[in-house]
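Novice: Handing you this structure, nothing more for now.
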Amino acid sequence: MDPPCPGAPRPGDPLEPGVAGRRALFGGRRCGIFAPMLDREMEIARRLILEAGALVMARYGKVAGEAKAAGEPVTEADRVANAHLVQGLREAFPDDGILAEESAPRPEWWRKRRVWCIDPIDGTKEYIKQNGEFAVMIGLADGKEAVLGLVLLPAQDLLYYGGPKLGAFRERLGEGFAPAAPEPIHVSEEREFSRMRMAISRSHRSALVGEMAERLGVRHEIQRGSVGIKLGLVASGEVELYLHPSAGTKRWDACGPDAILKGAGGRLTDFYGRPIDYDSSEVQNRAGLLASNGTRHDEIVALLRPIAEAAGLK
1465 MDPPCPGAPR PGDPLEPGVA GRRALFGGRR CGIFAPMLDR EMEIARRLIL EAGALVMARY
1525 GKVAGEAKAA GEPVTEADRV ANAHLVQGLR EAFPDDGILA EESAPRPEWW RKRRVWCIDP
1585 IDGTKEYIKQ NGEFAVMIGL ADGKEAVLGL VLLPAQDLLY YGGPKLGAFR ERLGEGFAPA
1645 APEPIHVSEE REFSRMRMAI SRSHRSALVG EMAERLGVRH EIQRGSVGIK LGLVASGEVE
1705 LYLHPSAGTK RWDACGPDAI LKGAGGRLTD FYGRPIDYDS SEVQNRAGLL ASNGTRHDEI
1765 VALLRPIAEA AGLK
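Residue numbers (my numbering): 1465 to 1778.
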């Protein structure tokens, strides 16, 4: 991996729309989003995710949900966007593995050094409800680590993207997903639990989350759909915590947002403090997801571990 560039962007730094603006931030050097190793990956993934977002929005309010084998909903929009993303990434990067929610993985996917993780609609329940709280997500894992991520909120014309060596950005897109000036984002620096804000699921709020919030002394909760949206709130400093104490999420839920959050200075682990390991045939995040702004992450893990153990998270 290339070393990070100096002078990483921070919130409030001025940037012009598109490629030229992001490069100008680093005086023309190929840094940040344009590190040579991931330049092509980011450009292709960006094009594909915006195209998939258009496919999803063309069907918004026009499709009904069906139940998958596991009971989770799926729509025609999920399948169409999934197929578009898989085909585009497979054509562009034939040597990489692909793990996508709505298609069966090829048996050798997890043996590849690089794996693309795709969630065509993260928050299908919210998509069906038409409340705008859903996302299209692409992540790239290199070995154990998520190195690049994009999360598009197509109903809100909002795009998050970045990675651990790239920084993190938020772009408020124009009409038809036209490019706009990217805004560097960073996690908040709040350390006091009583002032921390926690993003919680709109569809999966559990008594266990309430018990954990009480243990930490966190008083402020914000309900949102989509793992990607909630982790985007942590990355942009709008909340400090996100807790998902169950095995209900998969690698495609985590990979893209994980890369962005790390680029913004935050942390995502399971409830035992272990980073999510993408170099594995395991698809489920069996020990849950715990995201924070990083200021007291290890302490949070220590405080919540007994609750996680009692709940059977492993």
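The beta-carbon is built from N, C-alpha and C at its ideal position, and this holds for glycine as well.
Remember, predicted model here, so these are calculated numbers, not experimental data.
In whole angstroms, what separates the C-alpha of G1613 from that of V1673?
Specialist: As a working mapping, residue 1613 is identified with position 149 in the sequence shown. As a working mapping, residue 1673 is identified with position 209 in the sequence shown. Looking at the two C-alpha atoms, the distance is approximately 26 Å.
Novice: Under the three-state reduction of DSSP, which class applies to I1497: helix, strand or coil?
Specialist: The residue you call residue 1497 lines up with position 33 of the sequence shown. Any reading at I1497 needs caution, since the residue's pLDDT is 46, under 50, leaving its predicted position unreliable; the model's value is listed next. Here I1497 sits in helix by DSSP.
Novice: Return the chain-ordered list of same chain residues with a C-beta closer than 8 Å to the C-beta of S1567, the five sequence neighbours on each side being excluded.
Specialist: For the purposes of this step, residue 1567 is identified with residue 103 of the sequence shown, where counting begins at 1. Contacts found: N1546, A1547 and V1550.
Novice: Along the alpha helix (DSSP H) that carries W1716, what are the first and last residues, could you check?
Specialist: Position 252 of the sequence shown, counting from 1, holds the residue named residue 1716. Segment R1715 to G1727, the alpha helix (DSSP H) holding W1716.
Novice: Got a sec? Which residues, its chain only, sit under 7 Å from V1703 by beta carbon, not counting five neighbours each side?
Specialist: The sequence position of residue 1703 within the sequence shown is 239, counting from 1. Contacts found: R1661, M1662, A1663, I1686 and L1697.
Novice: Could you tell me if S1634 is buried or exposed, where buried requires 16 or more neighbouring beta carbons within 10 angstroms of its beta carbon?
Specialist: The sequence position of residue 1634 within the sequence shown is 170, counting from 1. A small correction: the amino acid at residue 1634 is Arg; Ser does not occupy that position in the sequence shown. It is buried - the Cβ of R1634 has at least 16 other Cβ atoms within 10 Å.
Novice: For F1735, list the residues DSSP reports as bridge partners.
Specialist: Within the sequence shown, the letter at position 271 stands for residue 1735. None, per the DSSP bridge assignment.
Novice: With respect to the alpha helix (DSSP H) encompassing E1770, which residues constitute its N-terminal and C-terminal limits?
Specialist: Locating residue 1770 in the sequence shown gives position 306, where the first residue counts as 1. Position check: residue 1770 holds Pro in this sequence, whereas Glu was assumed. From DSSP, the alpha helix (DSSP H) with P1770 extends over H1761 to A1774.
Novice: Assess contact between the segment 1588-1601 and the segment 1723-1735, defined as three or more Cβ pairs (one per stretch) separated by less than 8 Å. Is contact present?
Specialist: Touching, no.
Novice: Who does P1537 pair with in a DSSP beta bridge?
Specialist: Here residue 1537 refers to the residue found at position 73 when the sequence shown is read from its first residue. Its beta-bridge partners are A1531.
Novice: Please report the straight-line C-alpha distance between I1459 and I1602, rounded to a whole angstrom.
Specialist: The displayed coordinates of the chain run from 1465 to 1778. Any statement about residue 1459 would go beyond what the structure contains.
Novice: Please go through the same chain and pick out, in chain order, the residues whose beta-carbon is closer than 6 Å to the beta-carbon of V1765, but skip the five residues on each side of it.
Specialist: Here residue 1765 refers to the residue found at position 301 of the sequence shown. Taken in chain order, the residues that qualify are G1737.
Novice: For the beta strand (DSSP E) holding D1586, just list the boundary residues, first then last.
Specialist: Sequence index remark: in the sequence shown, residue 1586 carries index 122 (1-based). From DSSP, the beta strand (DSSP E) with D1586 extends over R1578 to D1586.
Novice: DSSP state of E1704, grouped into three classes?
Specialist: Your numbering for residue 1704 matches position 240 in the sequence shown. Coil, per DSSP.
Novice: Applying the criterion that 16 or more other CB atoms from any shown protein chain within 10 Å of the CB defines a buried residue, is S1690 buried or exposed?
Specialist: As a working mapping, residue 1690 is identified with position 226 in the sequence shown. Looking at its Cβ environment, which holds 16 or more other Cβ atoms inside 10 Å, S1690 is buried.
Novice: Mapping DSSP to helix, strand and coil, what is A1484?
Specialist: To locate residue 1484, count along the sequence shown from 1; it is residue 20. Below a pLDDT of 50, predicted positions are generally treated as unreliable, and A1484, at 40, falls in that range; no measurement from the model is reported.
Novice: Quick one: what does DSSP say D1606 is sitting in, helix, strand or coil?
Specialist: Residue mapping note: residue 1606 aligns to position 142 of the sequence shown, counting from 1. In this structure, D1606 counts as strand in the three-state DSSP scheme.
Novice: Should A1671 go down as buried or exposed, given a rule of 16 or more other Cβ atoms within 10 Å for buried?
Specialist: As a first step, residue 1671 must be located in the sequence shown, where it is residue number 207. By the neighbour-count rule (16 or more Cβ atoms within 10 Å), A1671 is not buried but exposed.
Novice: Pairs of beta-carbons, one from the segment 1635-1651 and one from the segment 1553-1571, closer than 8 Å: are there three or more?
Specialist: With a cut-off of 8 Å, the segment 1553-1571 and the segment 1635-1651 do not count as touching, because too few Cβ pairs lie within range.
Novice: Take C1719 as the anchor and find which of S1710, S1700, P1739 and F1735 has the nearest alpha-carbon.
Specialist: Position 255 of the sequence shown holds residue 1719. Measuring from the Cα of C1719, the nearest candidate turns out to be P1739.
Novice: Report the residue from S1665, Y1742, R1666 and A1751 whose alpha carbon sits nearest the alpha carbon of K1576.
Specialist: Residue 1576 sits at position 112 when you count from the first residue of the sequence shown. The shortest C-alpha separation from K1576 is found at Y1742.
Novice: Considering only DSSP beta bridges, list what A1564 is partnered with.
Specialist: Your numbering for residue 1564 matches position 100 in the sequence shown. Looking at the DSSP assignment, A1564 forms a beta bridge with I1582.
Novice: Residues in its own chain within less than 7 Å of Q1620 by CB, not counting five upstream and five downstream?
Specialist: Working through the sequence shown from its first residue, we reach residue 1620 at position 156. Counting only Cβ-Cβ distances below 7 Å, and skipping sequence neighbours, we find G1596.
Novice: Between which residues of its own chain and K1694 is the CB-CB distance below 6 Å, once the five residues before and five after are set aside?
Specialist: Here residue 1694 corresponds to residue number 230 of the sequence shown, with the count starting at 1. Closer than 6 Å at the Cβ level, and outside the excluded window around K1694, lie A1663, R1688 and Y1706.
Novice: Check for me: the beta strand (DSSP E) holding L1519 runs from which residue to which?
Specialist: For the purposes of this step, residue 1519 is taken as residue 55 along the sequence shown, with counting starting at 1. Counting along the chain, L1519 falls outside any beta strand (DSSP E), though it belongs to the alpha helix (DSSP H) covering D1503 to A1522.
Novice: Could you tell me the distance, in whole angstroms, from the CA atom of D1606 to the CA atom of A1755?
Specialist: Against the sequence shown, residue 1606 aligns to sequence position 142. Against the sequence shown, residue 1755 aligns to sequence position 291. Between D1606 and A1755, the C-alpha separation is close to 20 Å.
Novice: May I have the straight-line CA-CA distance separating A1772 from I1585, to the nearest angstrom?
Specialist: Within the sequence shown, the letter at position 308 stands for residue 1772. Within the sequence shown, the letter at position 121 stands for residue 1585. If you take the alpha carbons of A1772 and I1585, they lie about 28 Å apart.
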